[in-house]
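2 protein chains.
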Amino acid sequence: VKELEIIEGIKKQAGKPGKPVAIGIGDDCAVLYKDKKNYLLWASDMLVEGTHFKIKEAGYKKIGKKAAAVNISDIAAMGGVPEYILVSLGVPSGIKKSFIGNIYKGILGTCKPHEIKLIGGDIVRSKKLVIDVSILGTVEKNKLLTRSGAKKGDLILITGPVRDGKKEHLDFRPRLKEARFLTGKYKVSSMIDTSDGIALDARRICSASGVGCKIYSEAVPLTRGLSLNDALYFGESFELLFTMSATQVQKLFSDKALRQKGPSFFIIGEVTHKKDGFRLVNKNGQINTLKKKGFKHL
Amino acid sequence: VKELEIIEGIKKQAGKPGKPVAIGIGDDCAVLYKDKKNYLLWASDMLVEGTHFKIKEAGYKKIGKKAAAVNISDIAAMGGVPEYILVSLGVPSGIKKSFIGNIYKGILGTCKPHEIKLIGGDIVRSKKLVIDVSILGTVEKNKLLTRSGAKKGDLILITGPVRDGKKEHLDFRPRLKEARFLTGKYKVSSMIDTSDGIALDARRICSASGVGCKIYSEAVPLTRGLSLNDALYFGESFELLFTMSATQVQKLFSDKALRQKGPSFFIIGEVTHKKDGFRLVNKNGQINTLKKKGFKHL
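Residue numbers (the working numbering), protein chains in the order written: chain C, 1 to 298; chain Y, 1001 to 1298.
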């Protein structure tokens, strides 16, 4: 995918960031040293009218909601706690003040339950509506989750039935609770949010970890009406995709807190050797390649 | 100005940020507690094709340069040292890879002399080119400069002859050296960068500080060919506007380091009582109101 190549190019241009940076370009967040016990997490995600939403379909409040939620999801995917946001907003010159108010209502309403504070940003004129949220969060050093720790033999899991990104991409709950539950009690070897579809995001974990993967097509949990194809290749569902050793998964599934009213997790595949590539296996054992495609941001 | 009203509205909606936030919405950067001795500075500035640049006139490299420079200027205005950036980039779907490369060349070339590291961001599809840079920096607690400390009787200064924002807005050097020189050796009571013109930015200092001001029209230093009107009301010059007590100014102007090869500073006005408003005074003593207008981001 073009986007991945371009990001690789930027990474080379930018060079190695040096000591106080734990992780630079190439994960859901950048990771900086904060203090002895904690890392600072930092991400930004841009939403553009026409690419990520249509105003008439979405309405201003839901656009604001999504702009906050995709960023919160980035912090969740690293195992952290979101704390602050800046909002850069580009709006058409004639826009009503109440529309701008509704955008911020959507943003602030999504931030409030997590006690995330809006503390600055920018507002400029733009023909098409564009929102870029920058988010800061914190994660305890021993709870940091990255894309790069998956090991051969680990199982691949997902936080919930994949939702229809085409219909529900504006109105999802970032899987913050699930991520904090997992990283607080279990050893999660890698994690990512499925913003671009299971196929592409599993590939991202695999290339960061130097492994391959096998997805069991029948095991992917789908919400009513969603096709496997869209779950794999459309994205915008924002569930968390993660890997754990089989022993850890066994512990997880016998967790009482989980069985009673906790979040639900689903095994959908297995981490394999790098040379085995990216495979999709059905119940009859037929093997297909997991295609290299996903949500087209670019 | 509409932008100021809207920002006031957002500030009300967002509410008080609470303890770990030293300054939220309403200065050049948000300010967070970092450690015993330092604050974390955080800002984002969005540039949109058509509003802030035209691609044909500017070229991709200079657009990248400006995107980095306006953010570095925000950190300078708070007395700090810029350290890291994230870049969110929206580009048309057919754009050449080399054009994207040139944007990052401009960004990285501007960051390099200051040892600022690019550590992440986002890249998406957008009809019009849009860049939002988010920047993190650090400032020693006793060196933090804000908009809110100007006192009646203080003098108003600027870091250099005002340049022609219409022509040079893509290619300016953020006044980082000047700000660090000042905050390291002198008591600066307030500071802002003149992104939107002296009139509007002086007004911002005044409303944050609860004072009025008097600008001496003949004292405003202009680069060759620039009209006073554009210096006051057009902006995009990115000099730093700041206030100091008369005693501090006297010390500053007798500073040997400054007289030999240091930066140059110019007195352009005086801080007055709030009730005296915003005035423009010429050499004959004629008084005009400093108009409430500036660069139209919105």
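The beta carbon of each residue, even a glycine, is placed where N, CA and C say it ideally should be.
Since we're looking at a predicted model, the values are computed, not measured.
Note down, one range per segment and in chain order, each beta strand (DSSP E) of at least 3 residues found wholly within the stretch 1183-1209 of chain Y. Counting only runs of 3 or more, we get 1190-1193.
As a quick exercise: from G1212(Y), Y1084(Y), E1049(Y), K1036(Y), pick the residue whose alpha carbon is nearest that of A1043(Y). For the purposes of this step, residue 1043(Y) is taken as the residue at position 43 of the second sequence. Nearest option by C-alpha distance: Y1084(Y).
Can you pull the chain C neighbours of I1025(Y), defined as C-beta to C-beta under 8 Å? Here residue 1025(Y) is taken as the residue at index 25 of the second sequence, counted from 1. Ordered by position in chain C, the residues that pass the 8 Å Cβ test against I1025(Y) are L118, I119, G120, G121.
Using a C-beta to C-beta distance shorter than 8 Å, which residues of chain Y count as neighbours of A30(C)? Looking up residue 30(C) in the first sequence gives position 30. Simply Y1084, L1086, I1119, G1120.
Is the CB of G18(C) under 8 Å away from at least one CB in chain Y? Position 18 of the first sequence, counted from the first residue, corresponds to residue 18(C). It does; some Cβ of chain Y falls within 8 Å.
Best match in D45(C), K11(C), G59(C), L145(C) for proximity to S1134(Y) [C-alpha to C-alpha]: Along the second sequence, one-based indexing puts residue 1134(Y) at 134. From the listed residues D45(C), K11(C), G59(C), L145(C), the smallest Cα separation to S1134(Y) is found for D45(C).
Residues of the stretch 1121-1137 of chain Y with Cβ closer than 8 Å to any Cβ of chain C, in chain order: Residues G1121, D1122, I1123, V1124, R1125, S1126, K1127, K1128, V1130, D1132, S1134, L1136.
Report yes if the C-beta distance between F172(C) and A69(C) is below 8 Å; otherwise report no. Walking along the first sequence from the start, residue 172(C) turns up at place 172. Walking along the first sequence from the start, residue 69(C) turns up at place 69. For F172(C) and A69(C), yes; Cβs fall inside 8 Å.
Are the stretch 276-293 of chain C and the stretch 183-192 of chain C touching, with three or more C-beta to C-beta distances below 8 Å? Touching, no.
Name the residue from I1023(Y), S1237(Y), L1226(Y) whose alpha carbon lies nearest to the alpha carbon of G121(C). Taking the first residue of the first sequence as 1, we reach residue 121(C) at position 121. Comparing Cα positions, the closest option is I1023(Y).
Out of E239(C), S209(C), P17(C), state which residue places its alpha-carbon closest to the alpha-carbon of K275(C). Along the first sequence, one-based indexing puts residue 275(C) at 275. For K275(C), the nearest C-alpha among the options comes from S209(C).
Have a look at G80(C) and A179(C) and give me their C-alpha separation to the nearest angstrom. Sequence index remark: in the first sequence, residue 80(C) carries index 80 (1-based). Sequence index remark: in the first sequence, residue 179(C) carries index 179 (1-based). Roughly 8 Å between the two C-alpha positions.
To which residues of the same chain is H1169(Y) closer than 6 Å at the C-beta, ignoring the five residues directly before and after it? As a first step, residue 1169(Y) is located in the second sequence; it is residue number 169 there, counting from the start. So the list reads E1236, once near-sequence residues are dropped.
Would you report the Cα separation of L228(C) and E270(C), rounded to the nearest angstrom? As a working note, residue 228(C) is residue 228 in the first sequence. As a working note, residue 270(C) is residue 270 in the first sequence. Distance between the alpha carbons of L228(C) and E270(C) is about 18 Å.
On the three-pair Cβ rule with 8 Å, is the stretch 121-130 of chain C touching the stretch 85-97 of chain C? Remark: three or more beta-carbon pairs, one from each stretch, lie closer than 8 Å, so the stretch 121-130 of chain C and the stretch 85-97 of chain C are flagged as touching.
Relative to the C-alpha of V340(C), which candidate in K261(C), D255(C), R279(C), L226(C) has its C-alpha closest? Nothing can be reported for residue 340(C), as the shown portion of chain C is limited to 1 through 298.
Helix, strand or coil for G1106(Y)? Go by DSSP, reduced to three states. Start at 1 with the first residue of the second sequence, and residue 1106(Y) comes out as number 106. It is helical.
Curious, which full-length alpha helix (DSSP H) runs of at least 4 residues does the stretch 225-260 of chain C contain? Within the stretch 225-260 of chain C, complete alpha helix (DSSP H) segments of at least 4 residues are found at 228-233, 246-253, 256-260, given in chain order.
Can you give me the Cβ contacts of Q154(C) inside the same chain, cut-off strictly under 7 Å, excluding the 5 residues immediately before and after it? For the purposes of this step, residue 154(C) is taken as residue 154 along the first sequence, with counting starting at 1. According to the sequence displayed, residue 154(C) carries Asp and not Gln. Hits under 7 Å: S189, T243, M244, S245, V271.
With a threshold of 8 Å between beta-carbons, can L1108(Y) be considered close to chain C, or not? Numbered from its first residue, the second sequence carries residue 1108(Y) at position 108. Yes, L1108(Y) counts as interfacial toward chain C.
Closest Cα partner of G1101(Y) within the set G9(C), F266(C), G262(C), K16(C): Within the second sequence, residue 1101(Y) is the residue found at index 101, counting from 1. Closest in alpha carbon position to G1101(Y), among G9(C), F266(C), G262(C), K16(C), is G9(C).
Neighbour list for L1298(Y) in chain C, Cβ cutoff strictly below 8 Å: As a first step, residue 1298(Y) is located in the second sequence; it is residue number 298 there, counting from the start. What L1298(Y) touches in chain C: V91, S93, I123, V124, R125.
At the 8 Å Cβ level, is A76(C) part of the contact set with chain Y, yes or no? Within the first sequence, numbered from 1, the residue matching residue 76(C) stands at position 76. No, A76(C) does not count as interfacial toward chain Y.
Taking any Cβ of chain C, which residues in the stretch 1035-1065 of chain Y have a Cβ under 9 Å from it, in chain order? Taking a C-beta cut-off of 9 Å against chain C, the contacting residues of the stretch 1035-1065 of chain Y are D1035, L1040, W1042, A1043, S1044, D1045, M1046, L1047, V1048, E1049, G1050, T1051, H1052, listed in chain order.
Measure from the alpha carbon of I205(C) to the alpha carbon of each residue in L241(C), Y60(C), Q248(C), then state which is nearest. Translated into positions along the first sequence, residue 205(C) becomes position 205. It is L241(C) whose Cα lies nearest to the Cα of I205(C).
Closer than 7 Å between beta carbons: that is the criterion. Which residues of the stretch 200-227 of chain C meet it against chain Y? Of all residues in the stretch 200-227 of chain C, none comes within less than 7 Å of chain Y when Cβ atoms are compared.
Whole-angstrom distance between L1047(Y) and A1067(Y), CA atom to CA atom: Numbered from its first residue, the second sequence carries residue 1067(Y) at position 67. Numbered from its first residue, the second sequence carries residue 1047(Y) at position 47. Cα-Cα distance, rounded: 7 Å.
Report, in whole angstroms, the separation of the C-beta atoms of F1265(Y) and T1159(Y), which I expect to be a contact under 8 Å. As a working note, residue 1265(Y) is residue 265 in the second sequence. As a working note, residue 1159(Y) is residue 159 in the second sequence. Taking C-beta atoms under 8 Å as the contact rule, F1265(Y) and T1159(Y) qualify, at a distance of about 6 Å.
Would you kindly report the start and end of the unbroken beta strand (DSSP E) that includes K1214(Y)? Counting from 1 along the second sequence, the entry for residue 1214(Y) is found at position 214. Residues 1212-1216.
Thinking just about the alpha-carbon of each residue, which of T1138(Y), N1071(Y), L1145(Y), K1105(Y) is nearest to the one in D1132(Y)? If you number the second sequence from 1, residue 1132(Y) lands on position 132. Selection T1138(Y), N1071(Y), L1145(Y), K1105(Y) evaluated against D1132(Y) yields N1071(Y) as nearest (Cα-Cα).
Looking only at its own chain, which residues have a Cβ that is under 6 Å from the Cβ of D1164(Y), when we skip the five neighbours before and after it? Position 164 of the second sequence, counting from 1, holds the residue named residue 1164(Y). The beta carbon of D1164(Y) lies closer than 6 Å to those of L1226 in the same chain, with the five residues before and after it left out.
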